[in-house]
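Visitor: Encoded as C-alpha cells, here's the structure I'll be asking about.
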Amino acid sequence: CRSIIMSVLPPVRKDRIIGQLPKCFNRGAALNTDDEFHNKVKTACQQQRTGTVGFKISKVIVVGDLAVGKTCLINRFCKDVFDKNYKATIGVDFEMERFEVLGVPFSLQLWDTAGQERFKCIASTYYRGAQAVIIVFDLTDVGSLEHTRQWLEDAMKENDPTSVLLFLVGTKKDLSSPAQYTLIEQDAIKLADQMKAEYWALSALSGENVREFFFRVASLTFEANVLAELEKSGSRRIGEVVRKYIKDHPKMKVFVLTDLEKLSITSLTNCCQ
22 CRSIIMSVLP PVRKDRIIGQ LPKCFNRGAA LNTDDEFHNK VKTACQQQRT GTVGFKISKV
82 IVVGDLAVGK TCLINRFCKD VFDKNYKATI GVDFEMERFE VLGVPFSLQL WDTAGQERFK
142 CIASTYYRGA QAVIIVFDLT DVGSLEHTRQ WLEDAMKEND PTSVLLFLVG TKKDLSSPAQ
202 YTLIEQDAIK LADQMKAEYW ALSALSGENV REFFFRVASL TFEANVLAEL EKSGSRRIGE
262 VVRKYIKDHP KMKVFVLTDL EKLSITSLTN CCQ
C-alpha cells in the first residue's frame with residue numbers, strides 16, 4: 022500500500038525537504054528551544070517506524086481579524102505571490118503543502134478562515150481536528166493583537182488544548198516602524214507566553230521569515246505526530262504483554278499505572294490466607 026501511494030504522489034519539491042529542526046524566531050517565546058528533533062523521532066525515521074504518520078494530513082487552521090494578512094501569508098508560502106488587491110475570504114479556503122521531514126513524507130493542510138464576523142459561524146465548523154492553530158494579528162494594529170484572545174478561545178472550543186500547537190504571528194512587519202514594532206512585540210511576547218504559543222513576526226509582502234515560519238510549523242507538527250504515534254504503538258505493545266501475562270497467570274491481578282509506564286502486579290494467590 023505504501024509503495025502504491027508513493028508511486029501516485031509526485032516527488033516532494035526540493036525546497037520542501039527538511040533535514041534539521043528549524044530555529045524558533047524568539048527563544049523567549051518558543052514552544053521549545055531544542056536545536057534538533059527529539060531523539061525518538063530521529064530514530065523512528067531512520068528505522069522507518071513512523072506507521073501512517075508519513076502519509077497523514079495534519080490540519081492547520083489560520084485565524085485572525087479581517088485584513089490582518091492571513092490569505093497573503095498562505096499565498097506567499099504556497100504560491101510565492103503577493104496580491105496587493107485585497108479580497109476578503111468568504112467562509113474558508115485551504116491549501117495543501119507536501120514536505121519531506123527526516124526522509125518521511127508529511128503533508129500540511131492549511132485552512133484559511135474568514136475574519137469577518139458574519140462568516141464566523143461558518144468558519145468555526147472547520148476548526149475541529151486541528152493539530153496546529155496559527156493566530157494572526159497585524160503588527161501595525163494593536164487592536165488585532167488584543168482580539169487574538171477571542172480567536173484562540175473560539176478555536177479551542179472545537180479542539181483539545183493539550184494536543185494543539187499554537188503560533189501567534191504578527192504580519193506586515195515591513196509596514197511597522199522600529200519604535201512601533203518594539204512596543205507591540207513586547208506585548209505580543211507576553212501574550213504568547215500566556216497562551217503557551219510560539220511567537221513570530223514576518224512580512225508576506227517581502228517574504229521575510231515566511232518560509233522559516235512554515236518550516237517550523239511543519240517540523241513541530243511532524244514531531245508531535247511521530248511522538249504520538251510512537252506512544253500509541255508503545256501502549257499497544259504494553260497492552261499485549263499485560264493481556265498475555267493475565268492469560269498465563271489467571272490468579273494474578275494487574276494494575277496499570279500512569280501512562281502505562283509502570284506495572285504493579287500483585288498476586289492474589291495467598292490474599293485470603
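Note that the sequence shown ends on residue 294 in this note's numbering; no numbers are left out.
Note that CB positions come from ideal geometry on N, CA and C, so glycine has one too.
Answer with buried or exposed for Thr64, where buried requires no fewer than 16 other C-beta atoms within 10 angstroms of its C-beta.
Guide: Thr64 comes out exposed.
Visitor: Who are the Cβ neighbours of Tyr148 in its own chain at under 6 Å, not counting the five residues just before and after it?
Guide: Excluding positions up to five away in sequence, the list reads Ile82, Ala176, Glu179.
Visitor: Could you give the residue range of the beta strand (DSSP E) that holds Tyr202?
Guide: Counting along the chain, Tyr202 falls outside any beta strand (DSSP E), though it belongs to the alpha helix (DSSP H) covering 199-216.
Visitor: Tell me whether the region 122-130 and the region 182-201 touch, counting them as touching only if at least three CB pairs, one residue from each stretch, are closer than 8 Å.
Guide: Output reads no: the region 182-201 does not touch the region 122-130.
Visitor: Give the DSSP-derived three-state secondary structure of Gln41 in the structure shown.
Guide: If DSSP states are grouped into helix, strand and coil, Gln41 belongs with coil.
Visitor: Per DSSP, what kind of secondary structure is Val89 in: helix, strand or coil?
Guide: The answer is coil: DSSP assigns Val89 none of H, G, I, E or B.
Visitor: Count the other C-beta atoms from every protein chain shown that fall within 10 angstroms of the C-beta of Glu118, then say buried if there are 16 or more, exposed otherwise.
Guide: Label assigned to Glu118: buried.
Visitor: Can you tell me whether Asn246 is buried or exposed? The criterion is at least 16 other CB atoms within 10 Å of its CB, across all chains shown.
Guide: With 16 or more other Cβ atoms within 10 Å, it is buried.
Visitor: I'd like the list of long-range same chain contacts for Cys93, defined as Cβ closer than 8 Å, with 5 residues on each side in sequence excluded.
Guide: Hits under 8 Å: Phe103, Asp104, Thr192, Ala225, Leu226.
Visitor: Residues in its own chain within less than 6 Å of Tyr220 by CB, not counting five upstream and five downstream?
Guide: Excluding positions up to five away in sequence, the list reads Asn47, Ala50, Leu189, Ala209, Ile210, Ala213.
Visitor: In chain order, which beta strand (DSSP E) runs of at least 3 residues are fully inside the region 111-195?
Guide: DSSP runs (the beta strand (DSSP E)) wholly in the region 111-195: 113-122, 125-134, 153-159, 186-192.
Visitor: Cutting at 7 Å between CB atoms, please list the residues of its own chain near Gly75, excluding the five before and the five after it.
Guide: With a pLDDT of 49 at Gly75, under the threshold of 50, the modelled position of that residue is not reliable, and no figure is offered here.
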